[in-house]
Amino acid sequence: MRELNEEGLISEFNYVALENQLKDLYDQQGKCERIKNFPYPRQFTSVNLYFTNMLCFLLPFGFLGEFSKMIEKFGEPIIWLTIPFSVLIGWVFLVLEQIGESTENPFEGNPNDVPITQITRNIEIDLREMLGETDLPPALQPVNNILM
Numbered sequence: 001m002r003e004l005n006e007e008g009l010i011s012e013f014n015y016v017a018l019e020n021q022l023k024d025l026y027d028q029q030g031k032c033e034r035i036k037n038f039p040y041p042r043q044f045t046s047v048n049l050y051f052t053n054m055l056c057f058l059l060p061f062g063f064l065g066e067f068s069k070m071i072e073k074f075g076e077p078i079i080w081l082t083i084p085f086s087v088l089i090g091w092v093f094l095v096l097e098q099i100g101e102s103t104e105n106p107f108e109g110n111p112n113d114v115p116i117t118q119i120t121r122n123i124e125i126d127l128r129e130m131l132g133e134t135d136l137p138p139a140l141q142p143v144n145n146i147l148m
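Numbering (this note's numbering), first residue to last: 1 to 148.
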């Protein structure tokens with residue numbers, strides 16, 4: 001870039017502006033790398049799992065109290081609905097906990113992660129088009145409906 005300025009291909013103002021843009025680009029790249037490489041604290045996952053399991057364990061007791069209030073209206077067999085309702089609600093919370101755990105590191109290249117490779121390829125294609133290049137890399141296509 002300095003050569004462009006020394007050869008007079010870009011003005012001093014454009015040279016300074018380009019230097020600032022490159023500095024900002026490197027700053028943003030460093031920030032992105034720190035986000036990607038920052039270790040996710042294990043205690044967040046552990047605490048979530050403990051509370052979710054405790055909720056699933058206590059759910060039947062909560063439903064038992066609520067369904068026992070309906071015995072006069074629907075009869076004693078209504079109490080047995082405690083089991084399927086507890087299983088269903090517990091399953092929902094366990095699945096949500098699993099989803100949260102699988103999205104802890106969104107840049108690892110797993111099927112549920114941010115398709116960072118496709119995003120960067122699209123940026124590369126756009127920049128090359130702006131530079132007037134014609135030999136462009138192909139856009140990444142999903143494999144089994146998954147973009148990586």
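Ideal Cβ placement from N, Cα and C applies to all residues, glycine included.
Nearest-angstrom Cα separation, counted from residue j out to residue i
i    : j    : result
N37  : E66  : 47 Å
N14  : L136 : 27 Å
P115 : I123 : 13 Å
F63  : S86  : 7 Å
S68  : E76  : 8 Å
E72  : G100 : 41 Å
P138 : L131 : 17 Å
V92  : L58  : 15 Å
G8   : L18  : 14 Å
I89  : N110 : 28 Å
D27  : E129 : 25 Å
Residues that DSSP places opposite residue i in a beta bridge
i    : result
I146 : V143
When the options are compared against residue i, the one with the closest alpha-carbon
i    : options             : result
P142 : I35, N112, L58, S46 : N112
N105 : F44, F74, A17, R2   : F44
Y40  : F107, V16, T117     : F107
P60  : P84, M70, R2, L25   : P84
Inset, instruction - Take every Cβ of the region 69–82, pair it with every Cβ of the region 42–52, and state whether three or more of those distances are shorter than 8 Å. - result: no
Inset, instruction - Could you pull out every unbroken alpha helix (DSSP H) segment of at least 4 residues lying fully inside the region 40–102, listed in chain order? - result: 42–68, 71–74, 82–102
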